[in-house]
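One structure below.
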Amino acid sequence: MIVVLKPHAAAEQVAGFCRELESMGFQINDSVGSDTHILGLIGDTKALSESWVLANPVVETCRRVSEPYKKANRKFHPDDTVVDVAGHKIGGGHFVVMSGPCSVESREQITYVAQRVQAAGASILRGGAFKPRTSPYSFQGLRAEGLEMLQHARTVTGQPIVTELMSAEHIPLFEEAGVDMIQIGARNMQNFELLKAVGKLQTPVLLKRGLSATLEELVMSAEYIMAEGNPNVVLCERGIRTFETSMRNTLDISAVPMLKKMTHLPVVIDPSHAAGIAFMVPALAKAAVAVGADGLMIETHNDPAKAKSDGAQSLTPDQFDTLMATIRPELEFFGMQLN
Ligand code: PEP
Ligand code: MN
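Per our numbering, the sequence shown runs over residues 114 to 452.
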């Protein structure tokens, strides 16, 4: 249930009402917006009578929420959430570009790509150290060594780093490396124990949509993270499986406005994994800006032909420069701030 409070309701009366609700076993999601103050009640509200709630002098109105997601629900939190990744804001008009290679391959490679994508306007460096691969015989990533290389690149450029976590066992390693944003990959979107584990941290999480997950399933996965206490979740549409075979996946561009209606969380697009082919990435990136996404994740590699993973979809640094030059005026046109 959401309870909209009267504007200028006295703080002590609101606190008393909250205490009463808490004593009845409800968890309260308090959202103070620019002109609304909403209490989102989490728990079994079936037995809670609306007339009892409405009778309280601080209450303007109340409404039952039928969706299974609560903390992620836009009805609980009408304003856009802005997630801050080491000073770089995502959401609420702030647009962020994350770029780097699919896999970290060497110290020189990650540092070079970091410098190039940063010069072009990417503020967050991506790079996989632990790689989810379809085949156990494919390159699995440089693991802890890869994290160390990402840290090195960060000391050179100052860019925060986002990298994929595949197992809760590696959280201490990630904490030691000071990973600025934890990526939960498409294949782990419904690894609920992993979601609960990152929910216990405060590190921002980039949650990628599963290969064939519905939007409600994606939002429920965000709910798992938020229910544990981590509100810093960014959703990522990265293409879904359809009957189409001419590209790796199908970018579900409709996901952006629908997710923004369903939730208050920032939504970014990864056109690289959606397309699977480099030539399509700039066009899809432009579409992402136009549809209202809050950011992009783009794979850029120093030498895509020799990449250890996802070379076919990776841009060269020069191609990334061109992409950024194209989207800058587009962002300006739509009133988005690149940061
Ligand atoms: C990646 O970002 O390199 C990756 C493996 O992404 P996804 O989980 O979307 O396939
Ligand atoms: Mn990849």
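Glycine residues also receive a C-beta, built at the ideal position from the N, C-alpha and C atoms.
The structure displayed is predicted, hence computed values, not measured ones.
Item                                                                                                                                                                             : Value
Can you check whether the CB of proline 379 is closer than 7 angstroms to the CB of leucine 397?                                                                                 : no
If the criterion is Cβ atoms closer than 7 angstroms, does the pair phenylalanine 130 and valine 178 meet it?                                                                    : no
Just the Cα atoms here: how many angstroms apart are serine 212 and threonine 276?                                                                                               : 11 angstroms
Using three-state DSSP, classify serine 248 as helix, strand or coil.                                                                                                            : coil
Give every residue whose Cβ lies closer than 5 angstroms to any heavy atom of the ligand MN, listed in chain order.                                                              : Cys215 and Asp423
What span of residues does the beta strand (DSSP E) with valine 380 cover, start to end?                                                                                         : 380–382
Quick one: what does DSSP say glycine 312 is sitting in, helix, strand or coil?                                                                                                  : helix
Starting from the N-terminal side, write out each stretch of the alpha helix (DSSP H) that is 4 residues or longer and does not extend beyond the region 275–323.                : 284–290 and 305–312
Determine the extent of the alpha helix (DSSP H) in which glycine 129 is found, giving its start and end residues.                                                               : 124–136
Kindly give me the distance between the Cβ atoms of arginine 220 and histidine 283, rounded to whole angstroms, as I take these residues to be in contact under 8 angstroms.     : At roughly 20 angstroms, the Cβ-Cβ gap does not stay under 8 angstroms, so arginine 220 and histidine 283 are not in contact.
Alanine 257 and leucine 278 - do their beta-carbons sit closer together than 7 angstroms?                                                                                        : no
Just mark serine 216 as buried or exposed, buried being the case when its beta carbon has 16 or more other beta carbons within 10 Å.                                             : buried
Taking 6 angstroms as the cut-off, does the CB of glycine 408 come closer than this to any heavy atom belonging to the ligand PEP?                                               : no
Does DSSP put isoleucine 223 in a helix, a strand or coil?                                                                                                                       : helix
Looking only at its chain, what residues have a beta carbon closer than 6 angstroms to the beta carbon of isoleucine 295, apart from the 5 residues adjacent to it on each side? : Leu278, Val311, Thr316 and Val318
Starting from glutamate 173 and walking both ways along the beta strand (DSSP E), at which residues does that stretch end?                                                       : 172–176
Taking aspartate 192 as the reference, which of Thr149, Gln140 and Ala400 has the closest Cα?                                                                                    : Thr149
Around the Cβ of methionine 437, are there at least 16 other Cβ atoms within 10 angstroms (buried) or fewer (exposed)?                                                           : buried
Rounded to whole angstroms, what is the Cα-Cα separation between glutamate 336 and methionine 375?                                                                               : 12 angstroms
Within 6 angstroms: the Cβ of histidine 386 and any heavy atom of the ligand PEP?                                                                                                : yes
Flag this pair as yes or no: are the beta carbons of alanine 387 and leucine 364 separated by less than 7 angstroms?                                                             : yes
For the beta strand (DSSP E) that contains glycine 259, what are its first and last residues?                                                                                    : It is not in any beta strand (DSSP E) - glycine 259 instead sits in the alpha helix (DSSP H) that spans 256–270.
Taking the CB atoms as reference points, tell me whether glutamine 228 and asparagine 415 lie closer together than 7 angstroms.                                                  : no
By Cβ distance below 6 angstroms, which residues in the same chain neighbour alanine 290 in space, the five residues on each side in sequence not counted?                       : Leu260 and Gln264
If you run the structure through DSSP and keep just helix, strand and coil, what is arginine 229?                                                                                : helix
Could you give the uninterrupted runs of the beta strand (DSSP E) lying entirely in the region 350–392, keeping only those of 3 residues or more?                                : 380–382
Does the beta-carbon of alanine 391, which I'm using as the reference point, lie nearer than 6 angstroms to any heavy atom of the ligand PEP?                                    : no
Nearest to glycine 204 by alpha carbon, out of Ser359, Asn186 and Asn345?                                                                                                        : Asn345
With burial defined as no fewer than 16 other Cβ atoms inside 10 Å of the residue's Cβ, what is the status of glycine 241: buried or exposed?                                    : buried
Just reading off the beta strand (DSSP E) that phenylalanine 208 is part of, what are its end residues?                                                                          : 207–213
In whole angstroms, what is the alpha-carbon distance linking alanine 326 and asparagine 186?                                                                                    : 18 angstroms
Tell me where the beta strand (DSSP E) around methionine 410 begins and ends.                                                                                                    : 408–412
What does the Cβ neighbour count give for phenylalanine 139, buried or exposed, with the cut at 16 atoms within 10 Å?                                                            : buried
Closest by CA to valine 481, which one among Cys175, Leu308 and Leu314?                                                                                                          : Given a span of 114 to 452 for the chain in the structure shown, any question on residue 481 remains unanswerable.
Using the beta-carbon count (16 or more within 10 Å), is glycine 455 buried or exposed?                                                                                          : This structure cannot speak to residue 455, because the chain is shown only from 114 to 452.
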